[in-house]
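Read through the structure below, which is laid out as structure tokens, and then see the notes.
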Amino acid sequence: GYREINNIDVNMSDPLFTKQWYLINTGQADGTPGLDLNVAEAWNLGFTGKGVTIAIMDDGIDYLHPDLASNYNAEASFDFSSNDPYPYPRYTDDWFNSINRVTSRVLLLFPCSQSCHFTGIRMLDQPFMTDIIEASSISHMPQVIDIYSASWGPTDDGKTVDGPRELTLQAMADGVNKGRGGKGSIYVWASGDGGSYDDCNCDGYASSMWTISINSAINDGRTALYDESCSSTLASTFSNGRKRNPEAGVATTDLYGNCTLRHSGTSAAAPEAAGVFALALEANPNLTWRDLQHLTVLTSKRNKLHDEVHQWRRNGVGLEFNHLFGYGVLDAGGMVKLAREWKTVPERFHCVAGSVQEIDKIQSGSKLVLSVTADACQGKDNFVRYLEHVQAVITVNASRRGDLNINMTSPMGTKSILLSRRPRDDDAKVGFDKWPFMTTHTWGEDPRGAWLLEVGFQGEAPQSGVLKEWTLMLHGTQSAPYIDQVVRDYQSKLAMSKKEELEEELDEAVERSLKSLLSKS
Amino acid sequence: EELIFSDHFLVQLHEGTNEDAHQLALEHGFGSARKLPFGEGLFHFYPREIPKTRRKRSLQQHRRLAKDHRVKNVFPQEGFGRQKR
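Chains as they are written, first to last, in our numbering: chain A, 10 to 530; chain B, 18 to 102.
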């Protein structure tokens with residue numbers, strides 16, 4: 010069915026193509042025209058994912074499906090649930106099976122990048138997960154596989170706090186440091202389906218710096234009902250999940266070769282994003298895992314995404330973000346254009362900017378406000394000047410963990426919700442123990458100055474709690490990450506960020522010369 | 018929370034190839050062993066039949082394995098929940 014790119018608008022003969030509205034949204038099923046992944050622009054530029062391999066970590070892949078067979082990379086596929094190299098979906102010996110339109114995920118990434126290869130990693134199909142199966146999956150052939158897509162995680166029941174265990178963390182660290190010949194494996198994570206009852210910062214995979222956490226909007230720009238808000242989400246793609254109109258679903262094929270317009274939650278989000286990232290990696294195979302996150306921040310668009318509860322805001326360097334959608338919907342065309350000329354961002358550094366260790370009580374009806382004045386390790390080898398990720402490592406216990414609400418505000422005035430209320434979480438014992446809450450909202454900001462942490466309770470009954478630790482960890486570059494990038498579009502976020510950087514650099518240079526003049530005189 | 022144990026073990030060997038590990042796994046009643054791509058000498062010993070879960074550690078198997086002179090460390094694998102999204 011492959012067609013020449015230049016007549017994609019005219020004679021797409023597949024009658025079902027238009028059902029894949031997330032590729033080219035012309036208003037199908039009451040959708041909003043133009044609200045899509047803008048893959049057509051990337052295709053027009055000739056990028057279809059050639060030379061990129063994506064692994065779908067799930068409970069199997071129908072690699073015999075006619076749409077998939079020719080792109081399947083059998084050598085790099087494996088079944089860690091049944092310990093064999095054939096990750097085909099199946100019932101297990103004891104008839105345990107959690108198949109859920111597994112094919113849909115793979116086909117989702119295919120429309121975005123028809124020429125990429127995919128591998129299957131079957132690893133969800135046993136009654137319980139183990140650290141060793143997860144670690145084996147995300148470290149499977151990291152010199153062959155470029156992108157790992159995961160549409161699973163800790164239970165999204167609104168009361169679980171869980172994340173990767175030790176081996177899996179080690180495997181992830183190995184992946185970002187050594188995968189893809191040292192450029193870093195790309196981990197894409199569906200942010201979670203707990204809806205307003207959950208917060209994806211309580212999911213250690215989605216809230217990891219090493220994963221690109223993707224949320225999903227529906228075809229008219231509203232949130233899906235199961236969307237979770239959190240400050241670690243970087244961007245969004247599309248899924249179904251709000252409208253009765255089945256046509257508004259994300260069209261895929263089920264295990265029986267039929268078109269299906271149903272599937273669960275944010276599961277569609279990760280493979281769609283993986284498909285877009287494959288286009289970017291084709292445009293520039295030298296992109297590191299950090300480059301891709303920078304590109305995501307700079308090219309994702311607000312477009313028509315909207316949410317009544319979480320307003321769009323701008324951070325200290327003017328980047329627009331939202332607690333649900335991150336920096337917006339992925340824009341494949343914008344991403345490949347920037348990727349083509351992208352220069353790898355400078356090395357990044359890590360600074361423990363401050364810590365509050367004393368015991369502070371938290372009571373209902375009042376807020377505990379703590380402050381850390383950070384010099385961002387200025388004057389030391391590991392100083393940070395331009396932020397990427399910020400982590401607030403917090404130890405807190407409460408009579409009802411779910412009623413805790415934690416906000417953090419940066420010196421440039423950007424307020425992030427680190428933890429929103431989780432009404433179903435009635436934990437009174439475990440709390441959060443050195444939990445690394447992460448925000449991406451202060452991307453590009455200057456971290457020097459006062460950081461504020463506000464901890465309080467939201468809920469019907471009075472609660473009490475104790476905060477035992479808040480350690481602020483800054484991750485970012487020492488030199489301006491975009492100064493060497495070529496600006497083509499003067500309306501773009503890159504142009505705006507670069508202008509900010511140049512002004513900042515200029516101010517500092519003037520200040521330095523004044524100081525030296527004064528000291529001479 | 019109550020811990021759940023699977024019959025999967027992370028085993029670190031003093032030295033040895035995949036074949037040695039496989040043989041050792043068979044001797045101790047496992048299905049086979051697979052080398053992990055990171056860490057030193059780390060192998061995944063997994064059961065032959067349906068993965069079982071249990072509330073108690075399989076102390077006997079653990080102890081026998083730990084006593085083997087070829088084995089450096091043994092870590093039984095807890096089971097935990099993961100959900101599709």
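Heads up, the beta-carbon is just placed ideally off N, CA and C, and yes, glycines get one too.
| Query | Result |
| --- | --- |
| A/Arg231 (DSSP reduced to helix, strand or coil) | coil |
| Start-to-end residues for the beta strand (DSSP E) that takes in A/Met344 | Unbroken run through A/Met344 is the alpha helix (DSSP H), Ala341 to Arg349; no beta strand (DSSP E). |
| A/Pro280 - containing beta strand (DSSP E), residue span | Taken as a continuous stretch (DSSP letters only), A/Pro280 belongs to no beta strand (DSSP E), being part of the alpha helix (DSSP H) at Ala278 to Ala292. |
| Beta carbon proximity, B/Leu43 to chain A, threshold 9 Å | no |
| Cβ-based burial, A/Gly58 [other Cβ within 10 Å; buried from 16] | buried |
| Nearest neighbour of A/Asp384, chosen from A/His319, A/Ala459, A/Gly440 and A/Thr449 [CA to CA] | A/Ala459 |
| Coil, strand or helix - A/Met138 by DSSP | strand |
| Interface residues of chain B facing A/Met138 [CB-CB closer than 8 Å] | Gly96, Phe97, Gly98 and Arg99 |
| Other residues of its chain near B/Thr34: CB distance less than 7 Å, five sequence neighbours each side excluded | none |
| Neighbour list for B/His61 in chain A, Cβ cutoff strictly below 7 Å | Ile141 and Ser145 |
| DSSP state of B/His79 mapped onto helix, strand, coil | helix |
| Buried or exposed by the 16-neighbour rule on C-beta atoms within 10 Å, applied to A/Gly203 | buried |
| Cα-Cα separation, A/Ile227 to A/Ala341 | 18 Å |
| Test item: CB-CB of A/Val405 and A/Lys477 under 9 Å | yes |
| From A/His303, A/Asp434, A/Phe446 and A/Arg409, residue whose alpha carbon lies closest to that of A/Ser240 | A/Phe446 |
| Where A/Val19 sits in the DSSP three-state scheme | Low local confidence applies: a pLDDT of 45 at A/Val19 is under 50, so the model's placement there is unreliable, with the coordinate-based value given in what follows. Three-state DSSP puts A/Val19 in coil, outside helix and strand. |
| Separation of A/Ser501 from A/Asn47, as counted between CA atoms | 16 Å |
| Ranges of the beta strand (DSSP E) found wholly within the segment 454-511 of chain A, counting only runs of at least 3 | 458-466 and 473-486 |
| Burial state of A/Tyr499 (16 or more Cβ within 10 Å) | exposed |
| Opening and closing residue of the beta strand (DSSP E) in which A/Arg131 lies | His126 to Arg131 |
| For A/His398, the nearest candidate out of A/Thr486, A/Leu523 and A/Ser148 (CA to CA) | A/Thr486 |
| Between the CA atoms of B/Phe60 and B/Ala50 - distance to the nearest angstrom | 6 Å |
| The beta strand (DSSP E) enclosing A/Leu307, as first and last residue numbers | Element bounds for A/Leu307: not the beta strand (DSSP E) but the alpha helix (DSSP H), Trp298 to Thr308. |
| Cβ-based burial, A/Arg497 [other Cβ within 10 Å; buried from 16] | exposed |
| CB contact below 9 Å: B/Gly56 versus chain A | yes |
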